[in-house]
Amino acid sequence: MSRQRAMRDTEYNPLVYFIDGLVTLFNGMVVTWRNLWRPKITVRYPYQRRPVPPRYRGLFYLKWNEEKQRLNCVGCTLCAQACPTDVISMVKLGKGTHAGVSEFTMDLGRCMFCNLCVEACPFDAIYMGPNYELASERRDVSLFRIADLAQGGEEAVRKNIETIERLLAEEEKAKPAHAAHAAGGQSE
Ligand code: SF4
Ligand code: SF4
1337 MSRQRAMRDT
1347 EYNPLVYFID
1357 GLVTLFNGMV
1367 VTWRNLWRPK
1377 ITVRYPYQRR
1387 PVPPRYRGLF
1397 YLKWNEEKQR
1407 LNCVGCTLCA
1417 QACPTDVISM
1427 VKLGKGTHAG
1437 VSEFTMDLGR
1447 CMFCNLCVEA
1457 CPFDAIYMGP
1467 NYELASERRD
1477 VSLFRIADLA
1487 QGGEEAVRKN
1497 IETIERLLAE
1507 EEKAKPAHAA
1517 HAAGGQSE
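For the sequence shown, my numbering begins at 1337 and goes up steadily by one.
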């Protein structure tokens, strides 16, 4: 039978209640004293940050390709189609082998961080990184544009557009010469 039950069943005795209160207080102080000397496990966020696991799925980034001097994204929209909550939209730039994007927007207020968009991308272009801080008092802060997402920020976006436009212009310039060459080959 528990001590409380025993006390309930016996006649009211103030001394018993007083001693019981003292014992309870003493037990509580023992627990406090013991924990006072234990190593602290509290993380003082945001002054301290614990490292996230290597495969953590946090905020997104668009991968910069140093060799090609452009983002890997070709604007195929497969990620947007795979997204169940309509988070992703983009503006495509160019077509064919030199296709890319001039804008890529993600409204992370609607994102479930399910990773389906990353899985759907066949061009190694979009990833989820270790950053996780999205809280803000501003509503528009969940809207990430291409410069917020691209590895390298504004500068990477500028170079990405420059590279794609240069390649498209070169392709366009090579077209008449190629057509004339083909026509010459036929008439011979
Ligand atoms: S993680 Fe899921 S919800 Fe978020 S953008 Fe990708 S597919 Fe959409
Ligand atoms: S991120 Fe990948 S799937 Fe999405 S548009 Fe770019 S290349 Fe296509």
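Note that beta-carbon positions come from the ideal geometry of N, C-alpha and C, so glycine has one too.
Coarse secondary structure for residue i, derived from DSSP in three states
i       : result
Val1379 : coil
Glu1469 : coil
Leu1358 : helix
Gln1348 : Per the sequence presented here, residue 1348 reads as Tyr, with Gln not at that position. If DSSP states are grouped into helix, strand and coil, Tyr1348 belongs with coil.
Lys1511 : helix
Arg1494 : helix
Ala1418 : helix
Met1464 : strand
Arg1502 : helix
Tyr1353 : helix
Arg1406 : strand
Glu1524 : Caution applies to Glu1524, whose pLDDT of 45 falls short of 50 and renders its modelled position unreliable; the model cannot decide the point.
Trp1369 : helix
Gly1364 : helix
Gly1432 : helix
Whole-Å CB distance - residue i paired with residue j, under 8 Å assumed
i       : j       : result
Asn1496 : Arg1406 : 5 Å
Arg1393 : Met1464 : 4 Å
Leu1470 : Leu1444 : 6 Å
Arg1481 : Thr1441 : 6 Å
Pro1466 : Val1359 : The pair is not a contact, with the Cβ atoms about 50 Å apart (cut-off 8 Å).
Cys1450 : Ile1424 : Contact doesn't hold; Cβ gap of about 12 Å is too wide.
One or two residues paired with residue i in a DSSP bridge
i       : result
Gly1488 : Note: Gly1488 sits in no beta bridge, so no partner.
Ser1425 : Thr1441
Tyr1392 : Tyr1392 is not bridged to any residue.
Gly1411 : Per DSSP, none; premise fails for Gly1411.
Asn1401 : Arg1406
Cβ-Cβ distance between residue i and residue j below 8 Å
i       : j       : result
Leu1395 : Cys1409 : no
Lys1294 : Ala1418 : This structure gives no information on residue 1294, because the portion of the chain shown stretches from 1337 to 1524.
Cys1415 : Ile1462 : yes
Ile1500 : Gly1430 : yes
Trp1400 : Ala1492 : yes
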